[in-house]
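Chain order of the listed sequences is G and Z. Take the first sequence: its position 12, counted from the start at 1, is 12 in my numbering, and no numbers get skipped. In my numbering, each residue carries its 1-based index in the second sequence increased by 1000. Where is the CB? At the ideal position from N, CA and C, for every residue including glycine. What follows is a single structure, written as structure tokens, with notes after it.
Protein chains: 2
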Amino acid sequence: MEHNDALERPTRPTLTARHIAQTALATIDANGLDAFSMRKLGAALEVDPMAVYHYFPNKAALFDAVVETIYTQIDTSVAVPDAWDAAIATYVSAMRTAMRAHPHALVLIATRPVNTAPVLVLVEVLVARLARAGARPTDALAMVNCFGTYTIGHLLADVGAPVGGPEGPPPDAATLDPSAIPTLVAAYEAGWVFDADVQFDSGLRAMIAGFGTQFGLTDPR
Amino acid sequence: MEHNDALERPTRPTLTARHIAQTALATIDANGLDAFSMRKLGAALEVDPMAVYHYFPNKAALFDAVVETIYTQIDTSVAVPDAWDAAIATYVSAMRTAMRAHPHALVLIATRPVNTAPVLVLVEVLVARLARAGARPTDALAMVNCFGTYTIGHLLADVGAPVGGPEGPPPDAATLDPSAIPTLVAAYEAGWVFDADVQFDSGLRAMIAGFGTQFGLTDPR
DNA sequence: AGAGGAGTTCTACAGTGTAGAAATGGAGGG
DNA sequence: CCCTCCATTTCTACACTGTAGAACTCCTCT
């Protein structure tokens, strides 16, 4: 009764930790983290809110499960290039894609580290690839951590929902003195378009290349 | 009556938006974001909780002010090296230092963008320096954004307080299969110590250097 | 003195997480 | 068959939340 996947809602009207976590994630995606509550989760599950507490000791533990649910959604079947730097970029992009699908849960990913086996295995893949390119394991681990933090940091700024209610209106443009920020004005007038995807990619490539020279990484041949 | 700085509590027992924001930040620092409430803020201010609503329309707006308070704490008087890459690293580190002092508020910084004049001026400094090293303003802006997102992403993972209550206990180490994560085990056995400061610095230098070659930056001479 | 208004307080309401007791229902043993 | 046990679900209750709306207090200006 523990390992049935897919459109889960076990045969008998009984709950599952997985089903609860999935429903919680769906609810957060739909209505936002602030609007999420155990009572609404209970409603979504068509069950008394307190029933959830038989599977999770509290809301925090449920959030941990939600984060892990997201990690399981990373597409690990992507085609990976041969070159080490392109391979790393591919892995990281796959991770970003999965996370990007859950803007309201990003803040949970960012602040609730998970150390369960599936996630560690994921890290292992990256670390091993870097090691194969010549990095010491400790350095590889540090690099992967930087990739991860950059990714969610960038995602938070891009699509992350504000914690603590919607943000206020932007300040009156009239109160800004353009002469104090000439370069920003220049960028704006140059037709500045904010494409988060290409910007993220640019930064990721920069970091990968920089690490490459910093640690002397190359593909073995 | 609007511009008195420092250990602020205006002459008459009356409130100020600044004083409220500062007290709110102090309360968040001391007790955490989840424990923060308008009632406790009122108590800290020795005032009826509802009094705050005369200065901020709601808690979200107050949070915006809290974030801005943190930005004002960035030390802008640091000595800046001549080399463009070292200069950028110095600016970013100063930003990180200010943010690092408020672990419980990091998540607010990460998700509540501020576009007020003081912050834009800060961005201008960085963008202008990059432009002086040969970057087009739009590229410089993109780079600065990457530096910022990397910084708070890294800080969140480092010292950020979990959103939604404390995290649960780590999974039983016995359930982990070491043979599935050999490189991680190797890193651990090699005496892996996690020094967030040097790791952040390493990643930042990598990104700066990578951007440097990506955009052909050099100091004018 | 009287009016007005900015700042503060009071009261109240719907909604929160979750502790603790009570109910439900199915499985196993006699 | 009944009866017991126990996992699961529900019920009730409590202290706490953000904030709407009215009422109250003073200070300032005429």
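The beta carbon of G:T213 sits closer than 8 Å to some beta carbon of chain Z. Nearest CB-CB separation between G:H54 and chain Z: not below the 8 Å threshold. G:L155 has its alpha-carbon roughly 21 Å from the corresponding atom of G:F211. Contact with chain G is absent for Z:S1093, since none of that chain's Cβ atoms lies less than 8 Å from the residue's Cβ.
For the segment 69-102 of chain G, the set of residues with a beta-carbon nearer than 7 Å to any beta-carbon of chain Z is empty. Burial check for Z:V1107: the Cβ neighbour count within 10 Å reaches 16 or more, so the residue is buried.
In the DSSP assignment, Z:P1049 falls outside any alpha helix (DSSP H) and carries neither an H nor an E. At a cut-off of 8 Å between C-beta atoms, G:A44 does not count as an interface residue with respect to chain Z. For G:W84, the uninterrupted alpha helix (DSSP H) run begins and ends at 84-100, by DSSP. Per DSSP, reduced to three states, the secondary structure at G:T213 is helical. The beta-carbon distance between G:A140 and Z:T1183, rounded to whole angstroms, is 7 Å. This is short enough to meet the 8 Å contact definition. Z:L1108: member of the alpha helix (DSSP H) spanning 1106-1111, first to last residue.
Membership of Z:H1054 in any alpha helix (DSSP H) is not indicated, and neither H nor E is assigned to it by DSSP. Around the beta carbon of Z:W1192, fewer than 16 other beta carbons lie within 10 angstroms, which makes this residue exposed. Along the segment 109-140 of chain G, the positions whose C-beta sits under 8 Å from a C-beta of chain Z are A110, T111, R112, P113, N115, T116, A117, L120, V121, V123, E124, V127, A128, A131, R136, P137, T138, A140, read in chain order.
Residue contact check for Z:K1059 against chain G: a CB pair falls below 8 Å. Taking 9 Å as the cut-off between beta carbons, the residues of the segment 1154-1184 of chain Z near chain G are H1154, L1155, L1156, A1157, D1158, G1160, A1161, P1162, V1163, G1164, G1165, P1166, E1167, G1168, P1170, P1171, T1175, L1176, D1177, A1180, I1181, P1182, T1183, L1184, in sequence order. Burial of G:E124 is indicated by the presence of at least 16 other C-beta atoms within 10 angstroms of its C-beta.
Contact check for G:I88 against G:L122 fails: the beta carbons are separated by 8 Å or more. Taking a beta-carbon distance threshold of 8 Å, Z:T1027 does not count as an interface residue toward chain G. A distance of 8 Å or more separates the beta carbons of G:L25 and G:A51.
Collapsing the DSSP output to three states places Z:F1147 in a helix.
In the three-state DSSP reduction, Z:F1063 falls in the helix class (H, G or I).
At a Cβ-Cβ threshold of 8 Å, Z:A1060 and G:G32 do not count as neighbours. The Cβ neighbour count for Z:N1145, taken over all protein chains shown within 10 Å, is at least 16; the residue is labelled buried. Straight-line measurement puts the Cα of Z:T1111 at about 11 Å from the Cα of Z:G1153. No Cβ-Cβ contact shorter than 8 Å links Z:A1157 with G:P137. Z:N1058 has its alpha-carbon roughly 18 Å from the corresponding atom of Z:A1044.
Within the same chain, A21, V114, T116, P118, V119 come within 8 Å of G:E68 by CB-CB distance, once the 5 residues on both sides are set aside. Among the residues of chain Z, those whose CB is under 8 Å from the CB of G:Q199 are A1142, N1145, C1146, following chain order.
Around the CB of Z:V1078, fewer than 16 other CB atoms lie within 10 Å, so the residue is classed as exposed. DSSP, read as helix, strand or coil, puts Z:Q1073 in coil. No residue range can be given for G:T218, since it is assigned to no alpha helix (DSSP H) and is classified by DSSP as neither H nor E.
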